[in-house]
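Residue numbering for the sequence shown follows my numbering, beginning at 75 and increasing consecutively. For every residue, glycine included, the Cβ atom is placed at its ideal position computed from N, Cα and C.
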Amino acid sequence: MLFDVDGTLVDSNYLHVHAWIQAFRAEGVPVEAWRIHRCIGMDGTTLLHTLAGDADDDGREQLKERHSAFYKESAHLLTPLPGARELLRRVAELGLQVVLATSAPEDELALLRRVLDCDDVVSEVTSSQDVDTAKPKPDIVEVALERAGVTKTGAVFVGDAVWDCEAARRADVTSIGVLSGGVSRGELTEAGAAAVFENAAELLAELDSTPIGKLLASG
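This is how it looks when you write it as structure tokens:
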């Protein structure tokens, strides 16, 4: 089982939006909040090319650093999403590997893992250091599969963004979408999600009837 973290397991997406708003304003780059939200979950470099395409390399690096600083200021507001811990523990109990397939920077990932407090059932973790360009490219999914030692048919990916589902589709891995990141059911389905649930809690309640159930049944 491959899990995105931001917006899937931890309620962090809107903190990212707020941090980016502050970063763009600090650098004098006018960007509407809704446009930022539409890019959350996308690779950071791609996000900046999309929202601040006129900025040079130094400007984009400054924006990244400001975002990181503002995000850390709000880290005390981070909380696990409903059912997140229980879902990870149940998946592990059923004999599946739990892999955090995220492209979050190492410092942000450390914050998320402390909030999630499930390292005892996590077998592998990825981060931004593992790939040059993350979602929607499939690289982070492929790295996660390699570390878990499984083939694409032996895994299911759970994410909250269209970028998660697109990355999984490009890697030819079945994906499940959750609405907890603020993206609509229709968009996740169109991006390739085989099933969509409100959050981790609903996914856990319906586990047997999902692609995860099929994965377990296949052995």
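Residue i versus residue j: straight-line alpha-carbon distance, rounded
i	j	result
VAL199	ALA268	24 Å
VAL84	LEU183	11 Å
TRP237	SER254	14 Å
LEU295	VAL270	This structure cannot settle anything about residue 295, because the visible part of the chain is limited to 75 through 293.
VAL195	THR119	31 Å
LYS288	ALA275	19 Å
Own chain, CB closer than 6 Å to residue i, minus 5 neighbours either side, in chain order
i	result
PRO179	SER202
ARG221	GLU198
Buried versus exposed, by CB contacts within 10 Å (16 or more), residue i
i	result
ASP117	buried
THR294	Given that the chain is displayed from residue 75 to residue 293, the structure contains no residue 294 and the question cannot be resolved.
HIS90	buried
SER292	exposed
ASP234	buried
Close-in-space but distant-in-sequence residues of the same chain around residue i (CB under 7 Å, 5 per side omitted)
i	result
VAL215	LEU76, ALA175, PHE231, ALA241, ALA242, ALA245 and VAL247
ARG187	ASP193
ALA107	VAL91 and ILE95
Spatial neighbours of residue i in its chain, beta-carbon cut-off 8 Å, leaving aside the 5 residues before and after
i	result
VAL205	SER177, LYS211, ASP213, ILE214 and VAL217
THR207	ASP117, THR119, THR120 and ASP213
Open item on the list: If we require 3 or more residues per run, which beta strand (DSSP E) segments fall completely within the stretch 165 to 220?
Closed with: none
Open item on the list: I'd like to know if the stretch 123 to 134 and the stretch 92 to 111 are in contact, where contact means that at least 3 CB-CB pairs between them fall below 8 Å.
Closed with: yes
Open item on the list: Whether or not the stretch 142 to 159 and the stretch 87 to 98 are in contact is what I'm after, with contact meaning three or more pairs of Cβ atoms, one per stretch, closer than 8 Å; do they touch?
Closed with: yes
TODO: Evaluate contact between the stretch 159 to 172 and the stretch 130 to 140, counting only Cβ atoms and requiring at least three cross-stretch pairs below 8 Å.
DONE: no
Open item on the list: Threshold first: 4 residues or longer. Then list the alpha helix (DSSP H) segments lying entirely within the stretch 94 to 161, N to C.
Closed with: 107 to 113, 118 to 125 and 131 to 147
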